[in-house]
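Protein chains in written order, with our numbering: chain A, 413 to 947; chain B, 413 to 947.
C-beta atoms are modelled at their ideal positions from N, C-alpha and C, and glycine is treated no differently.
Data block below; observations after.
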């Protein structure tokens, strides 16, 4: 993994000003090489659910690999820090990630609130300088992957799910990340051509209303033939066949421009016709026109793929469409039409997928845009990056809000599995504790709430944080393909208890700490908290 | 404006697959040079408001200027269109925007549902190929600019508003666009250093909790002095002064590590201290420590800037902080502390700004992240791109939903102003109609609802769509600075009736069509709509 970040905007200046200010303050105080440990975690599962999927690590690694202030970066920084000593800028020029270690979960891992997703061990200055960019590169990918998993669970395993959100995404990266990380979460492909080129994703798409509207009459067709499926040098009469079939169909005759558009599209893509049928009237024009063209295609030796519904009551229209397809099967005494694909798009979200399934529909594929890419239900995952140790001494961040307390110290995370192979609980320990042992009972405690405890006897134990960047050695580990990440994510979802990932009233998965870490947290907490003076 | 797009991902492949498919279908049918007119507009104002701000044009122009399929793009397209004729790929290589005209509103213009924001006149093939990328480059910038204006209106004109959303934005562009377009909407600056470098925005920032936590004791300070404000070669004793002042203050003594951190930060930025005061206990530790350091700064000849609150009840804490500042004024018989700045951050949104103002607070500056950049209340603006004319003939897109009907034909948009200089109504006309005349009554009609009409006598008339890209000539017009765009946007908001832009129950602004266009729409509608057969 030596490539540059996908987006050329990813560079050390893509950060908050205060990271530079803090680096300067540390430099001035001779602390740049003091050693920090930083945790990345979130406090609340997204989408009112009880799980999240970790993603974005590959781009973080590329950011670390390419971390270097350019000459023009330095010149710019001089203008905004005019009083800083010039040696500081020389120091910045020397910075890279050769003193950094990064431990992380694998992309596609199920993760939960409070547990460490990434642990960065670095000199304080570099540690600060990595914060903002790393969070930017983790937050949205993890959110999208989670959203995609939720939609996959709602749609069911047999459906095709396509990411259609490029135009509504929050900028070009919103779109690229949506394509890439929704695929990891179980989507089948995307409409975004560039993500096909850069990430190797399956790319899909047919035509738009504008294409249909660009035709008003059959006279606009420049030819009436179609290339023979068996001999590319032979042209077969096609328009005539379409018009004959139209007459035979027991449906109203549709808009002529629309028929011309479908015919022209079939001439260009004889094996690829997915007709958008709602430009004028789905049942009264679009589907009849599509069926005329697809029957004609069959007659000359091709097979249409299906239709796309983009407005109206998708459940009803899909059932009516299926009925019409089957009517043509009866008419032709065949089974060629009944199984034509029905693609649906138009403001689909997780709730609509659930409600369509409850009502009953005949949709085979969903194209999902806005709600997938913007994560309408919760457009940000609140990952944070907190200092937990300096020069070997644990640090604690207090807060009046219990939820905002940061668990101090250099920690490891284990997932403990039951005899059925399903995860029971995750447990965090200090890095120098003995790991949980298979078959041995251990007491796991809620990190903050005293009476929440469980004894656990794991049948197997998985360590969740693995070294991914090792200083001078750089990236450690295996480059995984998109499909490997996707399979891993699917396996994660398949092995967890279904009630943790269901959409309605899911059961929280337990995140705990070892008894030693519990005692340690509470001791530090009481040592550092001020006692209020009420008077 | 000859620069490349800010983001290197912006290229002709950053598009939906169906645009390429349609281009191929048009090419196969010899229609690539048929001439289309495409409108960009939205159907509903964002954020339950009654206005929107148009933005993103500069990046669209850069996209047009750089539009060219690369060799590797073509090679990739061959793999996903394996059956397409090879001449098609030669044709794609020749494509650019030398036959395209683009008319648009100026960035920062107030705009409303149904009215044309951009009109593109282009050969059909290029017209399709520009759709997705252009929408991507308009939707989010316009949404962010609108969100920023709303927050500016909620905060009031005197407050400093800072964009702090980089870590929570939807990818690097989400962040860059948020910085840039929130500035146009009236923000004062950003924490995002790269947007400072690339867009010239004011960049702000102080330090994080991690910085405070990186100190545990005063012994960690490597020096106890501060550079003299009058002579950079002289070091003045500082820590001793801080400790003396701490003893004189009538507050509880704070956390020692925090005092060390503030002292070190003041040593590095003697004129730039904004202390983050909530790491341990805002009133019990953070503010007392800050006041000790700022009093000491004063003693040696500097002046602190203020504090940042990042958790808890911001209204209450800001009032208490102001009281404590004033107490030190009394104690020192001065006015040095009462006016120290109070910056607040932590999940601020438009509603919280309104409610803080209602309750009363002492905050001078707001740092706004997640809710600004993700536009939590409505994370997508639904701009669409519709074909309205082919080879001089208007086209109409019908829909069972009245709201989704597209107004056909090549249109111009005028804003009519009253005698008080405030906008009265916007009116769309066909391009060959006589423009509205000053002082002459004209009938303006709701585009779809028959009985909604108004007679308007404009005191002045503004044409809203201006030629911005003129084929071979390229970009037309004047490059505006960020500040010019920002001033223009402010002037737009200042001149519209306040009830259109208020946050609660705003009054809809009227969007209308000329009588001629009204008749034209309804004639086309009835000609093209099928009549349902109920049986």
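Its chain contains 880 as the residues whose beta carbon lies nearer than 6 angstroms to that of residue 889(A), once the 5 sequence neighbours on both sides are disregarded; these appear in chain order. If you check the CB distance, residue 729(A) and residue 694(A) come in under 7 angstroms.
Identification of chain A residues near residue 633(B) by a Cβ-Cβ cut-off of 9 angstroms yields 441, ordered along the chain.
Note: residue 637(B) is bridge-paired with 649(B) in the DSSP secondary-structure output. When C-alpha distances from residue 420(B) are compared across 814(A), 685(A), 583(A), 661(A), the shortest belongs to 583(A). For residue 625(A), the nearest CB of chain B lies under 7 angstroms from its own CB, placing it at the interface with that chain.
Exclusion of the five residues before and after residue 839(B) leaves 826, 828, 848, 856, 924, 925, 926 as the residues of its chain whose Cβ lies within less than 7 angstroms of its Cβ. By the CB criterion at 7 angstroms, residue 778(A) and residue 760(A) fall inside the cutoff.
At a beta-carbon threshold of 7 angstroms, the residues of chain A lying near residue 551(B) are 579, 580, ordered along the chain. Here the alpha carbon of residue 471(A) sits roughly 7 angstroms from the alpha carbon of residue 418(A). At a C-beta separation below 7 angstroms, residue 637(B) has no neighbours in chain A, since its nearest C-beta there lies roughly 12 angstroms away. Around the beta carbon of residue 675(B), 16 or more other beta carbons lie within 10 angstroms, which makes this residue buried. At a C-beta separation below 9 angstroms, residue 714(A) has no neighbours in chain B, since its nearest C-beta there lies roughly 12 angstroms away.
When the Cα atoms are used, residue 502(A) and residue 481(A) turn out to be separated by approximately 10 angstroms. Inclusion of residue 795(B) and residue 551(B) in the CB contact set at 7 angstroms is warranted, their separation being smaller than that value. Scanning its chain for C-beta atoms nearer than 8 angstroms, with the 5 sequence neighbours on each side dropped, one finds around residue 431(B) the residues 540, 541, 543, 544, in chain order. By the criterion of a C-beta distance shorter than 8 angstroms, residue 486(A) is surrounded in its chain by 501, 504, 505, once the five residues flanking it on both sides are discounted.
Considering only beta carbons, the part of the segment 535 to 551 of chain B lying closer than 7 angstroms to chain A consists of 536, 540, 544, 547, 548, 551, in chain order. Judged by DSSP in its simplified three-state form, residue 738(B) adopts helix.
Taking each of 770(B), 782(B), 733(B), 428(B) in turn and checking the Cα distance to residue 757(B), the smallest one comes out for 782(B). Contacts with chain A at 7 angstroms (Cβ-Cβ) include residue 428(B). Residue state for residue 618(A) is assigned as coil, using DSSP reduced to three classes. Within the DSSP secondary-structure output, residue 514(A) pairs in a beta bridge with 532(A), 881(A). Against chain B, the CB of residue 791(A) has a partner CB under 7 angstroms away; the residue lies at that interface. When Cβ-Cβ separations below 7 angstroms define contact, residue 705(A) makes no contact with chain B. With respect to the 7 angstroms criterion, residue 809(B) and residue 434(A) are not classified as neighbours on the basis of their beta carbons. Chain B places no beta carbon closer than 7 angstroms to that of residue 503(A), leaving this residue out of the contacts. Burial state of residue 903(A) is exposed, judged by a 10 Å Cβ sphere holding fewer than 16 other Cβ atoms. One alpha carbon belongs to residue 508(B), the other to residue 538(B), and they sit about 8 angstroms apart.
Under the three-state reduction of DSSP output, residue 901(B) falls in the helix class. By the Cβ test, the segment 631 to 638 of chain B is not in contact with the segment 606 to 621 of chain B, since fewer than three Cβ pairs between them sit closer than 8 angstroms. Residue contact check for residue 586(B) against chain A: a CB pair falls below 7 angstroms. Secondary structure of residue 912(B) (DSSP, three-state): helix. Around the CB of residue 767(A), fewer than 16 other CB atoms lie within 10 Å, so the residue is classed as exposed. In the DSSP assignment, residue 672(A) falls within the unbroken alpha helix (DSSP H) covering 668 to 680. In this structure, the CA atom of residue 771(B) is about 40 angstroms from the CA atom of residue 557(A).
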